[in-house]
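Chains as they are written, first to last, in my numbering: chain A, 134 to 313; chain B, 2 to 189.
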């Protein structure tokens, strides 16, 4: 077992600054490469553990990763530094893009390009969902819960709060009952 | 609230009501965002377009496209909703509101997590939440497609992107870039 590396708040800030700038359409793969391969802050196993916690709790997954990793090395200061590093540049860039867009939105080619991107990005989200749905096939009850969630949110437009309030306890109860 | 009251509040240098409204909406959404940024899109759409009338379906699709055209986490869509409603300050407020409650919870829980690594209830909760999350992300894809696609070419782009993303290891940026070019020359 190697000794855990020592990382300060400024190191966390810079590391997560690079992560924030790296990814298009989701930064988790880039976060893994930076945290495990390049900086060696965490082992592969430790990273997967951080990731499962981050996906399990509410909140943007990568933001949760920054909080857990920041806290592990430098407490509250580390968590704030990692979060600030992660969000600073993407926030500046996206708000600059939006301001620029407001100036040029009347140009047909710009509006067209953005329409193309939104159509394509919708397809990417659908692909993500279908990839994530593959492991559900082993348990028919999970497919049923998935379909109910989709119908409630996409077709019936039930508020998320009520959907989660009913579906999460129901789904967890079934998982408990069917556990092996 | 009548416009005159709002003006008076702004003049009195209190927090502009629209910022307080933004913060309130996203502080709640933060704790509901099981499954991360992609899973929360239908609820953001429902609140921003259907309930608050902050923007149209087409505006929402354009904000989503902008968030995809910038580097960084998917959750940036939140800062663009804030920007659309209240400018750059709105963007920052929305982003911080979306992150603060969930981050505080994560901070508080993370040290206890390791202890329960092999606890049976952890596996059960994960198995229970997984299908809900997938259903929500699927709903995101549906809501975005309905908001973004108005022509058959647009539906074709969505379909081809979906097929290529599932069947090939192509980097998503190529697909987004190709779609941007098709749109720029006026085909969408």
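Cβ coordinates follow ideal geometry from the N, Cα and C atoms, glycine included.
Give me the residue from A:270, A:273, A:287 and A:249 with the minimum Cα distance to residue 155 (chain B). A:249
Within 10 angstroms of the Cβ of residue 46 (chain B), are there 16 or more other Cβ atoms? Answer buried if so, exposed if not. buried
Which of the three DSSP states is assigned to residue 122 (chain B) in this structure? helix
Which same chain residues end up closer than 8 Å to residue 296 (chain A) when comparing Cβ atoms and leaving out the 5 residues on each side of it in sequence? 282, 285 and 286
As a quick exercise: from A:189, A:191, A:162 and A:140, pick the residue whose alpha carbon is nearest that of residue 177 (chain A). A:162
Who are the neighbours of residue 114 (chain B) on chain A, taking C-beta pairs under 7 Å? 186
Keeping to the same chain, check which residues put their C-beta closer than 6 Å to that of residue 196 (chain A); ignore five residues upstream and five downstream. none
Taking all protein chains shown into account, do 16 or more other C-beta atoms lie within 10 angstroms of the C-beta of residue 216 (chain B), making it buried, or fewer, making it exposed? Because residue 216 (chain B) is not part of the residues shown, which for chain B are 2 to 189, the question remains open.
Suppose the cutoff is 8 Å on Cβ atoms and the five residues either side in sequence are ignored; what does the same chain contact list for residue 244 (chain A) look like? 238
Step through the CB atoms of chain A and report whether any lies within less than 8 Å of the CB of residue 22 (chain B). no
Check the Cβ-Cβ distances between residue 162 (chain B) and every residue of chain A, and say whether any is below 8 Å. yes
Any idea if residue 2 (chain B) is buried or exposed, counting beta-carbon neighbours within 10 angstroms, 16 or more meaning buried? With a pLDDT of 44 at residue 2 (chain B), under the threshold of 50, the modelled position of this residue cannot be trusted; read the value that follows with caution. Result: exposed.
Contact criterion: CB-CB distance below 8 Å. Does residue 166 (chain A) meet it with respect to chain B? no
Where residue 34 (chain B) falls: helix, strand or coil (DSSP): coil
Between the region 71-84 of chain B and the region 265-276 of chain A, can you find at least three pairs of beta-carbon atoms closer than 8 Å? no
For residue 189 (chain B), return the contacting residues in chain A, with the cut-off set at a CB-CB distance below 7 Å. 245, 248, 249 and 252
Within the continuous alpha helix (DSSP H) that includes residue 194 (chain A), where are the two ends? 194-237
Once DSSP output is grouped into helix, strand and coil, what is the label at residue 56 (chain B)? coil
For the alpha helix (DSSP H) containing residue 165 (chain A), list its first residue and its last residue. 161-165
Compare the C-beta of residue 89 (chain B) with all C-beta atoms of chain A and state if any pair is closer than 8 Å. yes
Going along chain A, which residues have a C-beta under 7 Å from residue 65 (chain B)? 251 and 254
DSSP on residue 3 (chain B), reduced to helix/strand/coil? Residue confidence for residue 3 (chain B) is low, a pLDDT of 49 falling below 50, so the modelled location carries little weight; the figure read from the coordinates is stated next. Coil at residue 3 (chain B), not helix or strand.
So for residue 16 (chain B), helix, strand or coil by DSSP? coil
Taking 8 Å as the CB-CB limit, is residue 2 (chain B) close to chain A? Note on residue 2 (chain B): pLDDT 44, under 50, position unreliable in the model; the coordinate value appears next. Chain A contact via Cβ: absent.
Relative to the C-alpha of residue 152 (chain A), which candidate in A:299, A:202 and A:179 has its C-alpha closest? A:202
Please state whether DSSP places residue 107 (chain B) in a helix, a strand or coil. helix
Residue 106 (chain B) touches chain A at which residues, Cβ-Cβ below 8 Å? 190, 191 and 192
From residue 121 (chain B) to residue 313 (chain A), what distance separates their C-alpha atoms? 10 Å
Among B:124, B:181 and B:133, which one has its Cα closest to the Cα of residue 311 (chain A)? B:124
Same chain, Cβ closer than 6 Å to residue 191 (chain B), five either side skipped, listed in chain order: This structure cannot settle anything about residue 191 (chain B), because the visible part of chain B is limited to 2 through 189.
Beta carbon of residue 192 (chain A) nearer than 8 Å to that of residue 111 (chain B): no
What did DSSP end up calling residue 21 (chain B) once you bin it into helix, strand or coil? helix
For residue 17 (chain B), the nearest candidate out of B:44, B:167, B:40 and B:90 (CA to CA): B:90
Please classify residue 143 (chain A) as buried or exposed, where buried requires at least 16 other C-beta atoms within 10 Å of its C-beta. exposed
Let me know the secondary structure DSSP gives residue 172 (chain B) once reduced to three states. coil
Any idea what DSSP makes of residue 139 (chain A), helix, strand or coil? coil
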